[in-house]
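Down below is the structure, laid out as structure tokens.
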Amino acid sequence: MINVFRKHQKWLMIVIAILAMPFCLYFVRTDWWTALRGEGEGTRLYGQTIPRLELDRGGRLFDLARLLGMNDFLNDILAQWRPQRAKTQSEAEREAGQEFAIDLMILRHEANALGIRPTTSEIASVISQMRAFRGNAGGFDPKKYNDIVENALGPRGFGEAQIEELAADQIRLERVKELISTGVVVSPSESKRNFDQVYAKFEVGVVRFKTSDFASEVKISDDEIAKSYESAKEQLKSEEKRKVQFVALTLSEPEKKLTGKERVDALQKLSDKANDVAQALAEKGADFGAIASKFQLPVKVTGEFTQAAPDPAVKQDPQLSQSAFQLSNEEPTSEPIQVADGFYILHLAAITAARPLTLEEAKPKITESLKARKERELVTIRAANVAHDLGEALKAGDPIPKAAEKLKIKLEKLSPFTLADELEPKASPAPEQSPDLPRIKSAIADLHANEVSDPLPTADGAVVAVVEKRDPPDSAQAAANRASLDERLLRGKREIIFSEWLRERRQAAGIQPTAAS
Numbered sequence: 000m001i002n003v004f005r006k007h008q009k010w011l012m013i014v015i016a017i018l019a020m021p022f023c024l025y026f027v028r029t030d031w032w033t034a035l036r037g038e039g040e041g042t043r044l045y046g047q048t049i050p051r052l053e054l055d056r057g058g059r060l061f062d063l064a065r066l067l068g069m070n071d072f073l074n075d076i077l078a079q080w081r082p083q084r085a086k087t088q089s090e091a092e093r094e095a096g097q098e099f100a101i102d103l104m105i106l107r108h109e110a111n112a113l114g115i116r117p118t119t120s121e122i123a124s125v126i127s128q129m130r131a132f133r134g135n136a137g138g139f140d141p142k143k144y145n146d147i148v149e150n151a152l153g154p155r156g157f158g159e160a161q162i163e164e165l166a167a168d169q170i171r172l173e174r175v176k177e178l179i180s181t182g183v184v185v186s187p188s189e190s191k192r193n194f195d196q197v198y199a200k201f202e203v204g205v206v207r208f209k210t211s212d213f214a215s216e217v218k219i220s221d222d223e224i225a226k227s228y229e230s231a232k233e234q235l236k237s238e239e240k241r242k243v244q245f246v247a248l249t250l251s252e253p254e255k256k257l258t259g260k261e262r263v264d265a266l267q268k269l270s271d272k273a274n275d276v277a278q279a280l281a282e283k284g285a286d287f288g289a290i291a292s293k294f295q296l297p298v299k300v301t302g303e304f305t306q307a308a309p310d311p312a313v314k315q316d317p318q319l320s321q322s323a324f325q326l327s328n329e330e331p332t333s334e335p336i337q338v339a340d341g342f343y344i345l346h347l348a349a350i351t352a353a354r355p356l357t358l359e360e361a362k363p364k365i366t367e368s369l370k371a372r373k374e375r376e377l378v379t380i381r382a383a384n385v386a387h388d389l390g391e392a393l394k395a396g397d398p399i400p401k402a403a404e405k406l407k408i409k410l411e412k413l414s415p416f417t418l419a420d421e422l423e424p425k426a427s428p429a430p431e432q433s434p435d436l437p438r439i440k441s442a443i444a445d446l447h448a449n450e451v452s453d454p455l456p457t458a459d460g461a462v463v464a465v466v467e468k469r470d471p472p473d474s475a476q477a478a479a480n481r482a483s484l485d486e487r488l489l490r491g492k493r494e495i496i497f498s499e500w501l502r503e504r505r506q507a508a509g510i511q512p513t514a515a516s
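Here the sequence shown is numbered in numbering that gives the first Met the number 0, starting from 0 and rising by one per residue.
What follows is the structure in structure tokens.
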């Protein structure tokens, strides 16, 4: 046998080298490997190229941080982020994940430069306080921890180390905030001013103006409609419609009741089958119906539907209708789309393209738009006049009821409140309140008795607020609440400073998107 090996050792070595090559290429991923896979698009940071794989990993960390309830951490990191190119919720989440990945790299780089090294005990302490791991009593619940480790980390390609990684990042963030905000304090005068404002008791009356009250005053002529149509005809189009075929690989009714590892295993089997179907559909000339039949999957067909009004068959998950409108004649079949109880694969059946609307078709929409605009204009003018006249009457010394009677307006009296009502935890659900109350509170925060706010737009019109009475805070509250208010104010200052620091560090990092070569 040894002689046989020696005789053919040259060919054996060639065969072994060929067999080993794929494993080498997989585990030693060089830049040219990334380019071959079409993943060269990334970002340059500190003069180095960060490949797409790293950005995607950061995006999965973003998803994990949300799952762990690290809301304050995410808000600090993404304080300045706003969607740039996203048109759908899923696109916005992907964009936020990429932004998080970049900012996280910057945070780690800067924390390392500042000598910040989280210890094992500090990391363990942060993990024990994570919201996702809290039990009913408020303490750390090992069962919840194990449940997330077993069921949530694997699908993201993660392990327990990534929970520790995020905990360390939270420590870095807090240490950086402490360092850059050294010397930031709340002065006694600032403390008193804020306390007096937040804990003062307000009695407020409001005058409401509804657009529906002005509907009878609005008339839209045919000339206005025609003029509006001519100026906007390029944008006035029918909605594009889609029709899709689909197969659904979903859990059976008994399987839907499974939990934990059993449910994960059942979903994994469906995932494997969905990937097999997708692979078969990726073959050149593959027929959707024939492939579905081969895998014993019934093909279902939707009616025509728009993005705004999805077909009932794909309405249960927003991903389905969004994916339907991403299909094209060149790429008519989707990848497996995971929903709560399984996977869907869509195939484009028909497209009804958007087309320009005729004047008659566009007339109802134009009329509604012009009517709403005119009603809003009338409400704004009326509210501004009342705010001015009421303010002048009060300056002249008229009591509020008399001024309201003169102007023939109805004042709605709100329940007394303080601005602190929104800050304090409630033992029981608050009674139903006006959806405009937070905006009203913000508008009157700096006003005193007999002063009137500017008109505030609301969902159905506008509102003008007048402060009838403003009592100073209860002195008994000062000792109990002033310290916590100062801490909240200091935290807000630190967040602003950190946001500005991160903006400067992003500029210093020289962030540049790179295109695939």
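Each residue gets a CB set at the ideal place from its N, CA and C atoms; glycine is no exception. Since this is a predicted model, take the numbers as computed values, not measurements.
Between the region 297–314 and the region 236–249, the count of C-beta pairs closer than 8 Å reaches three or more; the two stretches touch. Looking at R490, F72, E98 and Q47, the one whose alpha-carbon comes closest to that of D55 is E98. Of the other Cβ atoms in all chains shown, fewer than 16 fall within 10 Å of the Cβ of D445; this residue is therefore exposed. Nearest in C-alpha terms to L345, of all of I224, D140, P335 and S190, is P335.
The C-beta of R171 has 16 or more other C-beta atoms within 10 Å across all chains shown, which makes the residue buried.
Burial state of D264 is exposed, judged by a 10 Å Cβ sphere holding fewer than 16 other Cβ atoms. DSSP places K240 within a strand segment (E or B) once states are collapsed to three.
Under a 10 Å Cβ-count criterion, N74 is classified as exposed, with fewer than 16 other Cβ atoms of the shown protein chains found around its own Cβ. The beta carbon of L406 sits closer than 8 Å to those of V385, D388, L389 and A392, all from its chain and outside the five residues before and after it, given in chain order. Relative to the Cα of R130, the nearest Cα in the group N111, N70 and G158 belongs to N70. Between the region 357–376 and the region 320–337 there are fewer than three C-beta pairs closer than 8 Å, too few to call the two in contact. Non-local beta-carbon contacts of S89 in its own chain, meaning distances under 7 Å to residues more than five positions away in sequence, involve Q318 and Q321 in chain order. When only Cα atoms are considered, L152 and V203 end up about 51 Å apart. DSSP places L436 in the uninterrupted alpha helix (DSSP H) bounded by L436 to I443.
Note: F201 is bridge-paired with F416 and R469 in the DSSP secondary-structure output.
If you draw a 10 Å sphere on the C-beta of L113, you find fewer than 16 other C-beta atoms in it, and that means exposed. As for any beta strand (DSSP E) of minimum length 3 sitting wholly inside the region 315–383, the runs are 336–338 and 341–351, ordered along the chain. A direct Cα-Cα distance of roughly 21 Å separates L326 from E94. The three-state reading of DSSP puts P512 in strand, counting E and B together. Counting C-beta atoms within 10 angstroms of its own C-beta, N449 has 16 or more neighbours from the protein chains shown and is therefore classed as buried.
Nearest to K200 by C-alpha distance, out of G341, A482 and P415, is P415. Among the bridge pairs identified by DSSP, L455 is matched with V462.
Contiguous beta strand (DSSP E) elements confined to the region 38–76 occur at 41–44 and 47–49, taking only those with 3 or more residues.
Taking 8 Å as the cut-off, the beta carbon of L248 is found no closer than this to the beta carbon of A289. The three-state secondary structure of L501, taken from DSSP, is helix.
Between the C-alpha atoms of S270 and S127 there is a straight-line separation of about 33 Å. Counting the other CB atoms within 10 Å of its CB gives D473 a total below 16, which places it among the exposed residues.
Put simply, the backbone Cα of S441 is about 11 Å away from that of A464. Between D340 and L250 the beta-carbon gap is near 5 Å, inside 8 Å, which marks them as a contact.
Between the region 204–221 and the region 453–462 there are three or more inter-stretch CB-CB distances shorter than 8 Å, so the stretches are counted as touching.
Taken through DSSP and simplified to helix, strand or coil, L389 comes out as helix. Counting of Cβ neighbours within 10 angstroms places I495 among the exposed residues, the total staying below 16. When secondary structure is reduced to three states using DSSP, F157 falls in the coil class, being assigned neither helix nor strand. Restricted to the region 218–277, the beta strand (DSSP E) segments that are unbroken, complete and at least 3 residues in length are 240–249, listed in chain order.
Distance from the CA of T379 to the CA of R174, rounded to the nearest whole angstrom, comes to 48 Å.
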